[in-house]
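Residue numbering for the sequence shown follows numbering that gives the first Met the number 0, starting at 0 and increasing by one per position.
A virtual CB, placed ideally from N, CA and C, is assigned to each residue, including glycine.
Read the structure below first, then the notes.
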Amino acid sequence: MSRIGYGAAQLPRLHDRRGEAVALVRRAIELGVDHLDTAEFYGFGFANHVIREVLRPDDDVLVVTKIGADPNPGGPLPLRTAQRPEQLRASVEDNLRSLGVDRLPVVNLRRLDTGPGVRPHGDQVVDLDDQLAAMTELRDEGKIGAIGLSSVTIDGLRRALPAGIACVQNAYSLVARDDEEMLRLCAAEGVAWVPFFPLGGAFPSMPKVTDEPAVHAVAGSLGVTPSQVGLAWLLQHAPNVLLIPGTADTAHLEANMAVSDIVFDDAARATLDAVESRSGNVPLG
0 MSRIGYGAAQ LPRLHDRRGE AVALVRRAIE LGVDHLDTAE FYGFGFANHV
50 IREVLRPDDD VLVVTKIGAD PNPGGPLPLR TAQRPEQLRA SVEDNLRSLG
100 VDRLPVVNLR RLDTGPGVRP HGDQVVDLDD QLAAMTELRD EGKIGAIGLS
150 SVTIDGLRRA LPAGIACVQN AYSLVARDDE EMLRLCAAEG VAWVPFFPLG
200 GAFPSMPKVT DEPAVHAVAG SLGVTPSQVG LAWLLQHAPN VLLIPGTADT
250 AHLEANMAVS DIVFDDAARA TLDAVESRSG NVPLG
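Quick look at the structure:
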């Protein structure tokens, strides 16, 4: 599998230009992307429908979906938490329908235990074991292939490992390395580490990789962009890192795919490793 995939979270920005959205995902595949990250709540199904239109039987592209939230058209936020076991099952069915498949290869359970974003309240506070039981049932039924976790704590990951965990998606970047111990645990257990917000800055509370003078210095010395440096650092930081940078722009897509060719010398690596990590894990509610 290529270490750089494509995350479809920004694809709905092209909602009124569907042809461009289709062309963008097609271009990603032409550039070597063989895994796509999506969710039913990305554009109220828009991302899934575009991916369904784009993919051909011979593309050999792994589609990774996530559940734990559902679309919420007209709400104060475009999504609502959906953490109860019956909601997880319903979300799997929604993704199956919009993607036009009878099996989802990998499904990430978005736990909302950590990282920037909303926190569950009321009946949305659900024990992890109950959720894993539902996910395991869905796997046994053949509706999902592998189970991943997102926004999970290290204690939650340890509890979940016996169920068989393929990947972990947490907010993580050069400037927000709170989960370093969890990354090492994933590497030891053969679990892929798939950082979201890999350049930080998605919320006001989060530092931005591209604000760092050290990142600009390394970028200038190599003739690449600060964003490329931030993504390349992730690839070179740990062998189990897979990237899913998202964009709605073809030029940015091509720049993201090019980061696999960037190589840091020892001095550049030391400069980047010395950048201070500052927590961005402030909940919105």
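Check: Bridge partner(s) assigned by DSSP for residue 199; Outcome: 207
Check: Euclidean distance between Cα positions of residue 214 and residue 176; Outcome: 16 Å
Check: Buried/exposed call for residue 256, threshold 16 Cβ in 10 Å; Outcome: buried
Check: Residue 102 and residue 151 closer than 8 Å at C-beta; Outcome: no
Check: Cα-Cα separation, residue 284 to residue 57; Outcome: For residue 284, the pLDDT reaches just 44, beneath the cut-off of 50, and the residue's location in the model is therefore unreliable, although a value from the coordinates is still provided. Residue 284 and residue 57: Cα-Cα distance of roughly 43 Å.
Check: For residue 168, the residue or residues it bridges with in DSSP; Outcome: 149
Check: Candidates 247, 80, 43, 262, of which the one nearest residue 218 by Cα; Outcome: 262
Check: For residue 82 and residue 172, the rounded distance between their alpha carbons; Outcome: 26 Å
Check: Simplified DSSP assignment, three categories, for residue 270; Outcome: helix
Check: Residue 131, DSSP secondary structure in three states; Outcome: helix
Check: Integer Cβ distance of residue 165 from residue 141, believed to fall under 8 Å; Outcome: Going by Cβ atoms, the distance from residue 165 to residue 141 rounds to 16 Å, so no, they are not a contact pair.
Check: Cβ pair count under 8 Å reaching 3, the segment 237-255 against the segment 199-215; Outcome: no
Check: Cβ contact check for the segment 15-33 and the segment 43-60: 3 or more pairs under 8 Å; Outcome: yes
Check: Residues bridged to residue 63 [DSSP beta-bridge criterion]; Outcome: 36, 105
Check: Residue 69 - partner residues in DSSP beta bridges; Outcome: 79
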